[in-house]
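Chemist:
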Amino acid sequence: MPEIIIREAIAQGLREALDEDDRVFMLGEDIGAYDGAYAVTRGFLKQYGPDRIRDTPISESVIVGAAVGAALAGLRPIVEIMTINFTLLAIDQIVNHAAKLRYMSNGQFTVPMMMRTVTGGGGQLAATHSQSFEGWYASVPGLKVLTPSTPYDALGLLRASRKDLNPIVFAEHSMLYGTRGEVPEEYFEVPLGKAVVRRPGKDVTIIGYSRMAHIAEEAGNRLAEKGVDAEVIDLRSLRPLDTETLIESVKKTNRAVVVEEAWKFGGFSGEIASAIQEEAFDYLDGPVVRVNGLDVPAPYNGTLEAATIPTAQRVLDTIEEKFGI
Amino acid sequence: MELAVDIDKNQVADYYRQMLMIRRFEEAAGRLYLQGLVRGFLHLYIGEEAVAVGAIPVLDVQDYVITHYRDHGHALARGVDPKAVMAELCGKATGTSGGKGGSMHIFDVDRHFMGGHAIVGGQLPIATGLALSIKQRGGDGAVMCFFGDGAVNEGEFHESLNLASLWKLPVIFFLENNLYGMGSHVDKTHAAGRDIYASAEYYKIPAVQIDGMDLLAVHEASAEALKKVRSGDGPVFLEAMTYRFRGHSMADPVAYRETSEVEEWRVNDPIERFKSFSLAEGLMSEDELAQIDREVIETIEEVVEFAKNSPEPELDSLWDNVYA
Ligand SMILES: Cc1ncc(C[n+]2csc(CCOP(=O)(O)OP(=O)(O)O)c2C)c(N)n1
Ligand SMILES: [Mg+2]
């Protein structure tokens, strides 16, 4: 099976959409002449032309709003907001408009648009440029939120998204673009709302998403060296959330750890912990444990920043401390 | 040549030194970035020095300066210690924010240098509020707010101009039009075309476009704008036409513009231009200029050494100042 990196997988998914559906077009800052801030759309402008690859002014609110309008009228816009930090300038269009129009119109309208954006820290970009807001968006009924961590999932989720009529937030982690993985040549999709077990095990369930799915996996592998058999789950999709896979796993392992890059206070990991406790309380040997980014704005200094982001070591230490394994 | 402004020999030497300081500082920062000592995003001000140095020194200490992430030039022109700025770029404890802000977020409360804002357009509403505080308290202070041609397309720009004009707030909106926001040329991002200053007129704000590569032109326009703003008539809008010689940030391969365009602008290098002017007018001699060149290089060497040798921040400092 050929191996590609996530950047290529996303580009392939976008190309397929542009090639196969003439209602699809892209808009965003520097996606054309600049080739994309993270080089995902390299060469797109040349291939598809300026009507379908629309470089926009730095105007996040109207970028998303224009996509909402175009989607209402039957097009299939794909927006790129350079990073999730800048989506805050468009949050009104995302939350008050894109997410609401279907419901408020009692089904008269649909908003089949995708907002791709870049999440996460780790690049020493400091407090305004290193945040993870996908969990916020996941709290909004009417939005779907996808968080691929592998090339396979990125492509599969992009493909499945095209059949979905809802506004979708597609959060790509800035540190994962170069992540390599196998992607089959034959067509496949990854359904929205389906988690995946990365590593089966029976002693403890470690749950992560986006970059933290890799940290969870690393922790799982290192636990194996200690003779602890961890089950590692990658959520892939925050909303819809695949609680079934989580519950099944916890019924088997009786212990759960959630790893998330975002702040702990109000973090999405709390949603997962709560869902597990509500539905599998009797199977748990102890509380669901959360390993999150520290509750501080991201510091610029590399050592300081690294200390704020969960690591496999921190996951191992937490498991040892809380579960004695 | 007729001297447009009253400028004496000492000032000429000082402006030359300041522009050169910024140039050499930025070159050194670029080197430190390539050595891995400066990380994250680094946006250099090379080519635009005449704007900060022409504008900021007209202000008094109690006035406020606020800008975007391309902020080293403004910080230095405001008198922020270059050692502390370079140390911040290197993430050191001796930096302006103890290593927690980085290149895009330089602050110095003592010099009323209010940042260093990395969300495009974010400083404009804050500038409006700083000006409101001056008006509210009844002083004759002023705010100088820098931003780029890209920021003009954010709603915050328009909201700020409108409110500042409506309430007659003492702020100079200072547009640094370097023709590009990242890789996007202003012709493709702004409906009113290159003359963005004209959009301020809609908000009844007096607006002037100036040659941002000409220190004296910037200086004169800034001094005049300040006078107007201090008189209580409300904001003034200045648009300095300028150019960044380097990429948007160190990560930018600059594939979107022709080298010939860069070369054309380089002919207009603000430092060279000021130098030629000073020589032609007999305001400085070759020797005096060379002396300044040497001193600046020495200073920058000290700045770099200081940043390199400064200690890393304590790990626990990451918990400081989340709240007051
Ligand atoms: C709200 C927001 N959108 C996008 C960005 C990414 N970004 C950083 S700088 C920049 C270009 C800004 O250009 P301009 O205002 O002209 O300033 P210049 O860099 O030319 O000095 C962009 C798009 C950002 N930091 N904030
Ligand atoms: Mg610009």
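Sequence lines, in order, name chains A and B.
Going by our numbering, the first sequence opens with residue 810, and the numbers climb by one from there.
Going by our numbering, the second sequence opens with residue 493, and the numbers climb by one from there.
Just so you know, even glycine gets a beta-carbon here, dropped at the ideal spot from N, CA and C.
1) Is any heavy atom of ligand 2 found at a distance shorter than 7 Å from the C-beta of D1043 of chain A?
2) Is I612 of chain B near ligand 1, judged by its Cβ being under 7 Å from some heavy atom?
3) For chain A, find out if any of its Cβ atoms is closer than 8 Å to the Cβ of M596 of chain B; answer yes or no.
4) CB of G685 of chain B to nearest heavy atom of ligand 2: below 7 Å?
5) Once the 5 residues before and after F798 of chain B are set aside, which same chain residues still bring their CB inside 6 Å of it?
6) Grouping DSSP H, G and I as helix and E and B as strand, with all else coil, what is N502 of chain B?
7) For a quick check, are the C-beta atoms of Y857 of chain A and T956 of chain A less than 8 Å apart?
8) Compute the minimum distance between the beta carbon of N894 of chain A and the heavy atoms of ligand 2, and state whether it is under 7 Å.
9) Should R758 of chain B be labelled buried (16 or more other beta-carbon atoms within 10 Å of its own) or exposed?
10) Taking 8 Å as the threshold (beta carbon to beta carbon), is N975 of chain A in contact with chain B?
11) Exposed or buried, what is E731 of chain B when buried is set at 16 or more other beta-carbons lying within 10 Å of its beta-carbon?
12) Ligand 2 and Y672 of chain B: does the residue's C-beta get closer than 7 Å to at least one heavy atom of that ligand?
13) Do you know offhand how far L655 of chain B's Cα is from L568 of chain B's?
14) Report the option in B:A547, B:L624, B:A521 whose CA atom is closest to the CA atom of E580 of chain B.
15) N645 of chain B versus chain A: which residues are under 7 Å apart at the beta carbon?
16) Since M924 of chain A sits in a beta bridge, which residues does DSSP pair it with?
17) Name the chain B residues whose beta carbon is nearer than 8 Å to that of T1120 of chain A?
18) So with Cβ pairs under 8 Å, would you call Y735 of chain B a contact of chain E?
19) Name the residues in the segment 905-935 of chain A whose C-beta lies less than 7 Å from a C-beta of chain B; which are they?
20) Taking Cβ-Cβ distances shorter than 8 Å, what residues in chain A pair up with G607 of chain B?
21) Can you tell me whether DSSP reads N801 of chain B as helix, strand or coil?
22) By a C-beta neighbour count over all protein chains shown, 10 Å radius and 16 as the cutoff for buried, is M493 of chain B buried or exposed?
23) Determine the burial state of G1102 of chain A: buried for a count of at least 16 other Cβ atoms within 10 Å of its Cβ, exposed for fewer.
24) Of all Cβ atoms in chain B, is any one closer than 8 Å to the Cβ of Y946 of chain A?
25) Taking 8 Å as the CB-CB limit, is H650 of chain B close to chain A?
26) Does the count of Cβ pairs from the segment 1056-1069 of chain A and the segment 1081-1095 of chain A closer than 8 Å reach three?
27) Applying a beta-carbon distance threshold of less than 7 Å, which residues of chain A neighbour K575 of chain B?
28) When you check each C-beta in the segment 828-848 of chain A against every C-beta of chain B, which residues fall closer than 9 Å?
29) Taking beta-carbon pairs under 8 Å, can you tell me which members of the segment 1100-1113 of chain A lie near chain B?
30) Rounded to whole angstroms, how far is the Cβ of R447 of chain B from the Cβ of R570 of chain B, which I believe are closer than 8 Å?
31) Against chain A, which members of the segment 748-777 of chain B pass a CB distance test of less than 7 Å?
32) Check the Cβ of W811 of chain B against every Cβ in chain A and list those closer than 7 Å, keeping chain order.
33) Since T937 of chain A meets chain B, which of its residues come closer than 7 Å, beta carbon to beta carbon?
34) For I1024 of chain A, count the other beta carbons within 10 Å of its own beta carbon; 16 or more makes it buried, fewer makes it exposed. Which is it?
35) Going by C-alpha distance, which of A:E1034, A:R863, A:R1045 is nearest K953 of chain A?
36) Spatial neighbours of A1071 of chain A within its chain, please: C-beta separation below 7 Å, excluding the five flanking residues on both sides.
Modeler: The short version:
1) Looking up residue 1043 of chain A in the first sequence gives position 234. Checking every heavy atom of ligand 2 against the Cβ of D1043 of chain A, none is found closer than 7 Å.
2) The residue given as residue 612 of chain B occupies position 120 in the second sequence. Note that residue 612 of chain B is Val in the sequence shown, not Ile. Flag set: Cβ of V612 of chain B near ligand 1.
3) Counting from 1 along the second sequence, the entry for residue 596 of chain B is found at position 104. Output row for M596 of chain B: interface = yes.
4) On the second sequence, position 193 is the one that residue 685 of chain B refers to. It does not: the Cβ of G685 of chain B is nowhere closer than 7 Å to a heavy atom of ligand 2.
5) Working through the second sequence from its first residue, we reach residue 798 of chain B at position 306. Answer for F798 of chain B: K575, listed in chain order.
6) As a working mapping, residue 502 of chain B is identified with position 10 in the second sequence. Here N502 of chain B sits in helix by DSSP.
7) Against the first sequence, residue 857 of chain A aligns to sequence position 48. Against the first sequence, residue 956 of chain A aligns to sequence position 147. No, they are not a contact pair.
8) As a first step, residue 894 of chain A must be located in the first sequence, where it is residue number 85. Because no heavy atom of ligand 2 lies under 7 Å away, the Cβ of N894 of chain A does not count as near it: no.
9) Along the second sequence, one-based indexing puts residue 758 of chain B at 266. Exposed, by the Cβ-count rule.
10) Numbered from its first residue, the first sequence carries residue 975 of chain A at position 166. So no, N975 of chain A is outside the interface.
11) On the second sequence, position 239 is the one that residue 731 of chain B refers to. E731 of chain B is buried by the Cβ-count criterion.
12) Start at 1 with the first residue of the second sequence, and residue 672 of chain B comes out as number 180. Yes, ligand 2 has a heavy atom inside 7 Å of this Cβ.
13) Counting from one through the second sequence, the residue named residue 655 of chain B turns up at place 163. Counting from one through the second sequence, the residue named residue 568 of chain B turns up at place 76. If I take the Cα positions, the gap works out to 30 Å.
14) Position 88 of the second sequence holds residue 580 of chain B. Among B:A547, B:L624, B:A521, the Cα nearest to that of E580 of chain B is on B:A521.
15) Here residue 645 of chain B corresponds to residue number 153 of the second sequence, with the count starting at 1. The contacting residues are P866, I867, S868.
16) Position 115 of the first sequence, counted from the start, is the residue given in the question as residue 924 of chain A. DSSP lists A:V888, A:V978 as partners of M924 of chain A.
17) In the first sequence, residue 1120 of chain A corresponds to position 311, counting from 1. Here the premise fails: no neighbours, minimum Cβ distance about 14 Å.
18) Annotation note: the requested chain E is absent from the structure, which comprises protein chains A and B.
19) G932, Q933, L934, A935
20) Within the second sequence, numbered from 1, the residue matching residue 607 of chain B stands at position 115. In chain order: nothing, as chain A lies at least about 10 Å away.
21) Against the second sequence, residue 801 of chain B aligns to sequence position 309. In this structure, N801 of chain B counts as helix in the three-state DSSP scheme.
22) By 1-based counting over the second sequence, the position of residue 493 of chain B is 1. Note on M493 of chain B: pLDDT 39, under 50, position unreliable in the model; the coordinate value appears next. Answer is exposed; the Cβ neighbour count stays below 16.
23) Locating residue 1102 of chain A in the first sequence gives position 293, where the first residue counts as 1. With 16 or more other Cβ atoms within 10 Å, it is buried.
24) Counting from one through the first sequence, the residue named residue 946 of chain A turns up at place 137. Output row for Y946 of chain A: interface = no.
25) Within the second sequence, residue 650 of chain B is the residue found at index 158, counting from 1. With 8 Å as the cut-off, H650 of chain B does not count as an interface residue toward chain A.
26) yes
27) What you label residue 575 of chain B is simply residue 83 of the second sequence in a count that begins at 1. Those do not exist, as K575 of chain B stays about 17 Å from chain A at its closest Cβ, beyond 7 Å.
28) E838, D839, G841, A842, Y843, D844, A846
29) L1103, D1104, V1105, P1106, P1108, Y1109, N1110, G1111, T1112, L1113
30) Missing from the structure shown is residue 447 of chain B; chain B here goes from 493 to 816 and no further.
31) Y748
32) By 1-based counting over the second sequence, the position of residue 811 of chain B is 319. Correct list: V1105.
33) One-based indexing of the first sequence puts residue 937 of chain A at position 128. Simply A610, I611.
34) For the purposes of this step, residue 1024 of chain A is taken as the residue at position 215 of the first sequence. Buried, by the Cβ-count rule.
35) For the purposes of this step, residue 953 of chain A is taken as the residue at position 144 of the first sequence. When each option's Cα is compared against that of K953 of chain A, the closest is A:R1045.
36) Against the first sequence, residue 1071 of chain A aligns to sequence position 262. Correct list, in chain order: S941, G944, F1077, N1101, G1102.
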